[in-house]
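Peer 1: Top to bottom, those sequences are chains A and B. Sequential numbering of the first sequence, starting at 1, is according to the numbering used here. Sequential numbering of the second sequence, starting at 1001, is according to the numbering used here. No residue lacks a Cβ here, since even glycine has one placed at the ideal position from N, Cα and C. Nothing here was measured: the structure is a model prediction, and the numbers come from that model.
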Amino acid sequence: MTRPLAGAALALMVGASLPASAAEQSAPSLEDIVQSYQQGAAQAQQRDLSRLDTLLDDREKLEQAVAQAEARQQKAQARRENLDSTRQRQEDAIASINERRSSEGNDLQPMFDRLRHEIDDTRDSLKNGWLTLGSDISLPSLDDSSIASIDDLEQYAQSMSQLIARSAQGEHMTLPVAGQNGNITQRDVVRLGAMSAFSGGDLLRAPDDGRPLAVAAHTPSKVSSELEALVDGNSDIMVLDPTNGEVLQALAQQPSLLERIKQGGVIGYITLALGAVGLLIALAQFAWLALVSARTRRQMHHFEHLRDDNPLGRVLKRFGQQQRYHEPEVLEARMDEMLLAEQPGLERGQAVVKVIAAIAPLMGLLGTVTGMIGTFQAITVFGSGDPKMMAGGISQALVTTVLGLVVAIPLLFANTALNSRSRSLMNLLERQASAHLADRMDEQQSGLEADTRRYGNAS
Amino acid sequence: MIEALVHPIARLASAGGPVLVVIALVAVVLFMLALERLIYWQWRYRRQRQALIIRWQKRHEHVSWSARTLRECWCGELISALRVSLPWLKLLVALCPLLGLVGTVTGMIQVFDTLSVTGVGQARSMSDGVARATLPTLAGMAVAVVGILFTSRFEHIVRREDQHLHDRLTRATEIDHA
Chain A
1 MTRPLAGAAL
11 ALMVGASLPA
21 SAAEQSAPSL
31 EDIVQSYQQG
41 AAQAQQRDLS
51 RLDTLLDDRE
61 KLEQAVAQAE
71 ARQQKAQARR
81 ENLDSTRQRQ
91 EDAIASINER
101 RSSEGNDLQP
111 MFDRLRHEID
121 DTRDSLKNGW
131 LTLGSDISLP
141 SLDDSSIASI
151 DDLEQYAQSM
161 SQLIARSAQG
171 EHMTLPVAGQ
181 NGNITQRDVV
191 RLGAMSAFSG
201 GDLLRAPDDG
211 RPLAVAAHTP
221 SKVSSELEAL
231 VDGNSDIMVL
241 DPTNGEVLQA
251 LAQQPSLLER
261 IKQGGVIGYI
271 TLALGAVGLL
281 IALAQFAWLA
291 LVSARTRRQM
301 HHFEHLRDDN
311 PLGRVLKRFG
321 QQQRYHEPEV
331 LEARMDEMLL
341 AEQPGLERGQ
351 AVVKVIAAIA
361 PLMGLLGTVT
371 GMIGTFQAIT
381 VFGSGDPKMM
391 AGGISQALVT
401 TVLGLVVAIP
411 LLFANTALNS
421 RSRSLMNLLE
431 RQASAHLADR
441 MDEQQSGLEA
451 DTRRYGNAS
Chain B
1001 MIEALVHPIA
1011 RLASAGGPVL
1021 VVIALVAVVL
1031 FMLALERLIY
1041 WQWRYRRQRQ
1051 ALIIRWQKRH
1061 EHVSWSARTL
1071 RECWCGELIS
1081 ALRVSLPWLK
1091 LLVALCPLLG
1101 LVGTVTGMIQ
1111 VFDTLSVTGV
1121 GQARSMSDGV
1131 ARATLPTLAG
1141 MAVAVVGILF
1151 TSRFEHIVRR
1161 EDQHLHDRLT
1171 RATEIDHA
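(1) So which residues of chain A does B:V1102 contact, with C-beta pairs closer than 9 Å?
(2) Along chain B, which residues have their Cβ under 7 Å away from the Cβ of A:F413?
(3) In three-state DSSP terms, what is A:P311?
(4) Would A:N128 be called buried (16 or more neighbouring beta carbons within 10 Å of its own) or exposed?
(5) Please state if the CB of B:Q1042 and the CB of B:T1173 are separated by a distance shorter than 8 Å.
(6) Would you call B:M1001 buried or exposed, if buried means 16 or more other Cβ atoms sit within 10 Å of its Cβ?
(7) Just to confirm, is the Cβ distance from B:A1131 to B:G1100 under 8 Å?
(8) Run the CB neighbour count on A:L418, radius 10 Å, all protein chains shown included, and call it buried at 16 or more, exposed below.
(9) Could you name the residues of the region 1023-1046 of chain B whose beta carbon sits closer than 8 Å to any beta carbon of chain A, in the order they occur along the chain?
(10) Using a Cβ cut-off of 7 Å, pull out every chain A residue sitting near B:W1065, in sequence order please.
(11) What is the C-beta distance between A:T368 and A:A391, in whole angstroms, given that I count them as a contact (C-beta under 8 Å)?
(12) Output, in sequence order along the chain, the residues in the region 1004-1025 of chain B whose CB is closer than 9 Å to any CB in chain A.
(13) What does A:I394 reach in chain B if we use C-beta pairs closer than 7 Å?
(14) Would A:L425 pass as a contact of A:V292 if the rule is Cβ separation under 8 Å?
(15) For B:R1037, which residues of its own chain have a beta-carbon under 7 Å away from its beta-carbon, when the five flanking residues on both sides are left out?
(16) So what does DSSP say about A:G170, is it helix, strand or coil?
(17) Enumerated in chain order, which unbroken segments of the beta strand (DSSP E) with a length of 3 residues or greater are wholly contained in the region 169-233 of chain A?
(18) Contact criterion: CB-CB distance below 8 Å. Does A:T132 meet it with respect to chain B?
(19) Looking only at its chain, what residues have a beta carbon closer than 6 Å to the beta carbon of A:V177, apart from the 5 residues adjacent to it on each side?
(20) How is B:W1041 classed by DSSP in three states: helix, strand or coil?
(21) Start and end of the alpha helix (DSSP H) containing B:V1084?
(22) Give a yes or no on contact between the region 349-361 of chain A and the region 408-415 of chain A, applying the rule of three or more CB pairs nearer than 8 Å.
(23) Is it right to say B:S1127 is buried, meaning 16 or more other beta carbons lie within 10 angstroms of its own, or is it exposed?
(24) In the structure shown, what three-state DSSP assignment does A:Q321 receive?
(25) Which class does A:I97 belong to by DSSP, given the choice of helix, strand or coil?
(26) How many Å lie between A:Q74 and A:D120 at the Cα?
(27) A:T400 and A:G374 - do their beta-carbons sit closer together than 8 Å?
(28) Identify, in the order they occur along the chain, each residue of the same chain with its Cβ nearer than 7 Å to the Cβ of A:V239, setting aside the five sequence neighbours on each side.
(29) Could you say which of A:I237, A:E246, A:A284 lies nearest to A:L204 if we only look at CA atoms?
(30) Leaving out five residues on either side along the sequence, give the residues of the same chain with a beta carbon under 7 Å from the beta carbon of B:V1146.
(31) Using DSSP with H/G/I as helix, E/B as strand and the rest coil, what is B:Q1122?
(32) Please list, in chain order, the chain A residues whose beta carbon lies closer than 7 Å to that of B:G1076.
(33) By the 10 Å Cβ neighbour count, where 16 or more other Cβ atoms means buried, how is A:T86 classified, buried or exposed?
(34) Name, please, each residue of chain A whose Cβ falls closer than 7 Å to the Cβ of B:A1051.
(35) Using only alpha-carbon positions, find the residue among A:W288, A:R79, A:L316 that is nearest to A:Q299.
(36) So, are the CB atoms of B:P1136 and B:V1019 less than 8 Å apart?
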């Protein structure tokens, strides 16, 4: 007995002395505190001892207290007996009532069970359906022992007929809807019977008991435009998800184009960058070739002024500066040389484009192999049981192949376009220059003949 | 009648996916270009060749260097007009197997997508992707084989025409001189 009391005294001491000491002196030394605890403990022990002494001394008082306690116990005993008998009576009454109920309402019991079952079923199916959206149709609630009244039956029949009527209605309403970012806002919602509901162009996720409505994760853009047209009355096509959200979930798992490209990883990005570089070079060179061929064509119409801005003009101009009366073979060699000097400018960039078009499928192959390596690593770590573990590597393998081909195909086109363009320009140059040369030779020939005739006559 | 013709094609297109449609377009372009070349060769080219021979015969002399250069130049013009779309034909032929490969890979991606959604249990759910993988490959190969046959044949024709043209021009002047 002394120990708890001493403990209590100690606790009191602590409670009393700590704030006081904290108020009086800002930093009491540890020794002072220990000393005061020890003093307090000694005092409490002293006090307990003195109280025990007084109690033990006063024997009469003790006996009196015992007698009082016994009297109280007898009283409680009597009361308990009383209560027991009352309970017994009441239990008898319940038993007799139940007996009466089972004898009188035996035929009705299966009906009540049936009703209860039906109501529970209806409530369960309404929980995940669209019918109760925006309205509260209350079904009668029956617990296990209660007796369904005629009102309950009527209420059930009425709510069922309401539900049936609602399943044939389309309805506009304004409800709080959680958007893609999780913010709940008041939005215009359209419910179509028990089949689906949508807000604006977004299909809604099938309602889950107690949670607010939410926008489905991925509504295809074609579907949303159809839905908007339906709301505006421009169309009579209704979009439904008969699987109750599963198709939408599968759609939400389908990666978008960007995510697909991301699956290709570093190699995919490198392939795309190479493709972009190749296309830019091809476009620049194509524009240059178009410009050159336009200038060459203009030059072909005006042979009288030879311009410096096109290869034909340059070749012919340099040709014009040649001395007369060269041997035809010498002139031809000169011409070939000049044409050869023009060729690199026309064929610039083709080599790069061709190399990139050849490299891109190889990059795809590289990505395939690295992806397969990833897949096999996943198999060694996780086993082959779960195909989803391998999916990452396989996607990388396939996506890089596709990217390689997608880059290679337009570059092949570009290469062919550049090649045929430059070759036709080259041919044009060669032909025009040769024709010009041949004309000059004819001229020269006739000039020579005239000269010889004249000088021959003179001499 | 039209329904009976269109329906199987539409079914094939929907089974093969967009890549098969692209291959079909490439095939149409390829065969139209090929047909155009054949028609050109049979009609216009022959008339132009005739005109060229007459123009050559009208020239006052045929043996000098300039005459030979001019002849070379005219022949080159005619022959290069004959082979103008040959590089494009070759490109389209080379493209067909590549497109088939694209179809294979996109089909495989689809197979793995369905695998990740439905699991390995349902082999039937993969059949869509497998059809998309195999049909374009087959179509690409078929178009490429026919295209290669045509391009190599046409290449041969062009080379032969080149020879013939020179022979004819030479013979025309020989007759003239004789």
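Peer 2: Reading off the structure:
(1) Walking along the second sequence from the start, residue 1102 of chain B turns up at place 102. Chain A residues near B:V1102: T401, V402, L405, V406, I409.
(2) As a position in the first sequence, residue 413 of chain A is number 413, starting the count at 1. The contacting residues are L1091.
(3) Taking the first sequence and counting its residues from 1, the one referred to as residue 311 of chain A is at position 311. Helix at A:P311.
(4) For the purposes of this step, residue 128 of chain A is identified with residue 128 of the first sequence, where counting begins at 1. By the neighbour-count rule (16 or more Cβ atoms within 10 Å), A:N128 is not buried but exposed.
(5) Translated into positions along the second sequence, residue 1173 of chain B becomes position 173. Translated into positions along the second sequence, residue 1042 of chain B becomes position 42. No; because the gap between Cβ atoms is not below 8 Å, this pair is not in contact.
(6) If you number the second sequence from 1, residue 1001 of chain B lands on position 1. Classification for B:M1001: exposed.
(7) On the second sequence, position 131 is the one that residue 1131 of chain B refers to. On the second sequence, position 100 is the one that residue 1100 of chain B refers to. Their beta carbons are not under 8 Å apart, which means B:A1131 does not touch B:G1100 by this criterion.
(8) Taking the first sequence and counting its residues from 1, one reaches residue 418 of chain A at position 418. So A:L418 ends up on the buried side.
(9) none
(10) Locating residue 1065 of chain B in the second sequence gives position 65, counting from the first residue. Correct list: P328, M441.
(11) Position 368 of the first sequence holds residue 368 of chain A. Position 391 of the first sequence holds residue 391 of chain A. 15 Å between Cβ atoms; not a contact.
(12) none
(13) By one-based count along the first sequence, residue 394 of chain A stands at place 394. By Cβ distance, chain B contributes F1112.
(14) If you number the first sequence from 1, residue 425 of chain A lands on position 425. If you number the first sequence from 1, residue 292 of chain A lands on position 292. Against a cut-off of 8 Å, the Cβ pair of A:V292 and A:L425 comes out as a contact.
(15) Here residue 1037 of chain B is taken as the residue at index 37 of the second sequence, counted from 1. The residues are S1085, F1154.
(16) Within the first sequence, numbered from 1, the residue matching residue 170 of chain A stands at position 170. A:G170 falls in the strand class under three-state DSSP.
(17) 170-178, 184-192, 196-199
(18) One-based indexing of the first sequence puts residue 132 of chain A at position 132. Taking Cβ atoms only, chain B never reaches closer than 8 Å to A:T132, which makes this a no.
(19) In the first sequence, the residue the question calls residue 177 of chain A occupies position 177. These residues qualify, in order along the chain: R187, S199, L213.
(20) For the purposes of this step, residue 1041 of chain B is identified with residue 41 of the second sequence, where counting begins at 1. If DSSP states are grouped into helix, strand and coil, B:W1041 belongs with the helices.
(21) As a first step, residue 1084 of chain B must be located in the second sequence, where it is residue number 84. It is not in any alpha helix (DSSP H) - B:V1084 carries neither H nor E in the DSSP assignment.
(22) yes
(23) Position 127 of the second sequence, counted from the start, is the residue given in the question as residue 1127 of chain B. Counting Cβ neighbours within 10 Å, B:S1127 comes out exposed, since fewer than 16 surround it.
(24) Counting from one through the first sequence, the residue named residue 321 of chain A turns up at place 321. Here A:Q321 sits in coil by DSSP.
(25) Residue mapping note: residue 97 of chain A aligns to position 97 of the first sequence, counting from 1. Three-state DSSP puts A:I97 in a helix.
(26) Residue numbering aside, residue 74 of chain A sits at position 74 when the first sequence is read from its first letter. Residue numbering aside, residue 120 of chain A sits at position 120 when the first sequence is read from its first letter. Distance between the alpha carbons of A:Q74 and A:D120 is about 52 Å.
(27) The residue you call residue 374 of chain A lines up with position 374 of the first sequence. The residue you call residue 400 of chain A lines up with position 400 of the first sequence. Result no, Cβ atoms of A:G374 and A:T400 do not sit closer than 8 Å.
(28) By one-based count along the first sequence, residue 239 of chain A stands at place 239. Counting only Cβ-Cβ distances below 7 Å, and skipping sequence neighbours, we find V223, E226, L227.
(29) For the purposes of this step, residue 204 of chain A is taken as residue 204 along the first sequence, with counting starting at 1. The shortest C-alpha separation from A:L204 is found at A:E246.
(30) Position 146 of the second sequence holds residue 1146 of chain B. Here the set comprises nothing.
(31) Taking the first residue of the second sequence as 1, we reach residue 1122 of chain B at position 122. The answer is coil: DSSP assigns B:Q1122 none of H, G, I, E or B.
(32) Counting from 1 along the second sequence, the entry for residue 1076 of chain B is found at position 76. Under the 7 Å cutoff, chain A gives N427, R431.
(33) The residue you call residue 86 of chain A lines up with position 86 of the first sequence. Answer is exposed; the Cβ neighbour count stays below 16.
(34) Numbered from its first residue, the second sequence carries residue 1051 of chain B at position 51. Under the 7 Å cutoff, chain A gives no residues; its nearest Cβ is about 17 Å from B:A1051.
(35) Counting from one through the first sequence, the residue named residue 299 of chain A turns up at place 299. Of the listed residues, the one whose Cα sits closest to A:Q299 is A:L316.
(36) Within the second sequence, residue 1136 of chain B is the residue found at index 136, counting from 1. Within the second sequence, residue 1019 of chain B is the residue found at index 19, counting from 1. Cβ distance < 8 Å, so B:P1136 and B:V1019 count as in contact.
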